[in-house]
Structure formats: C-alpha cells, structure tokens
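Numbering (numbering that gives the first Met the number 0), first residue to last: 0 to 74.
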Amino acid sequence: MDSPSIVVHAPALDGSRRVTAGSETLGIAYHLDDVVEILRLADLDEIEVEESDLIDWQGGGPDDWPGLSEHHSAE
C-alpha cells in the first residue's frame, strides 16, 4: 500500500501548522513532536518525519516553528 503524500502547511499567525494527507486534514501541529503524533494516530508512523520524501514541508522545514519563541517568552 502506498502512503499518501503528507503536507505540513506553512505556519499560521499563531505558529501552528496544518497537517494533511491528500484532501484530509489529519491535525494541527505546534511542534515537530505534534507532527510525529498526528502521523502515528493516522497509522502513518512508519514515515521518518524529518527525512521522508513523502512529506512536503511548506513555508519552512521540520525545524521551522515560528511563534514558538513568542509563546515561551510570554510565560
């Protein structure tokens, strides 16, 4: 069975990134660990999140989570 193409969309204003497989939204991620968990829940945990060619990182790669530093500095 072929795995669907996964898209981690460009960050929203709050730094969150929508994760989709085809036309289906799998979840909203705020950190790389969230992407891993979203894929696990979708039974796609065989995908190596940071290395896979099946994931299209739009608006930045797996290390780009704008908004994260703003959230931490506000605490």
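The C-beta atom is built at its ideal place from N, Cα and C for all residues, glycine as well.
| said: Check for me: the beta strand (DSSP E) holding V18 runs from which residue to which? | reply: Note, V18: beta strand (DSSP E), R16 to A20.
| field | Nearest to H30 (by Cα), restricted to the options V18, L40 and S22 | value | That would be V18, whose Cα lies nearest to the Cα of H30.
| message | Helix, strand or coil, according to DSSP, for I46 in the structure here? | response | Note: I46 maps to coil in three-state DSSP.
| query | Among all the DSSP beta bridges, which residues are the ones paired with W56? | reply | Answer is V7.
| said: Going by C-alpha to C-alpha distance, which of W56, A41 and D33 sits closest to V6? | reply: Proximity to V6 across W56, A41 and D33 peaks at W56, based on C-alpha coordinates.
| query | Of all the options P10, T24, E49 and G60, which has the alpha carbon lying nearest to the alpha carbon of V35? | reply | Checked all of P10, T24, E49 and G60; the closest Cα to V35 is E49.
| For the beta strand (DSSP E) that L31 lies in, which residues bound it at each end? | Run containing L31: none in the beta strand (DSSP E); it sits in the alpha helix (DSSP H), L31 to L40.
| Rounded Cβ spacing between S4 and L53 (contact assumed at less than 8 Å) | At roughly 6 Å, the Cβ-Cβ gap stays under 8 Å, so S4 and L53 are in contact.
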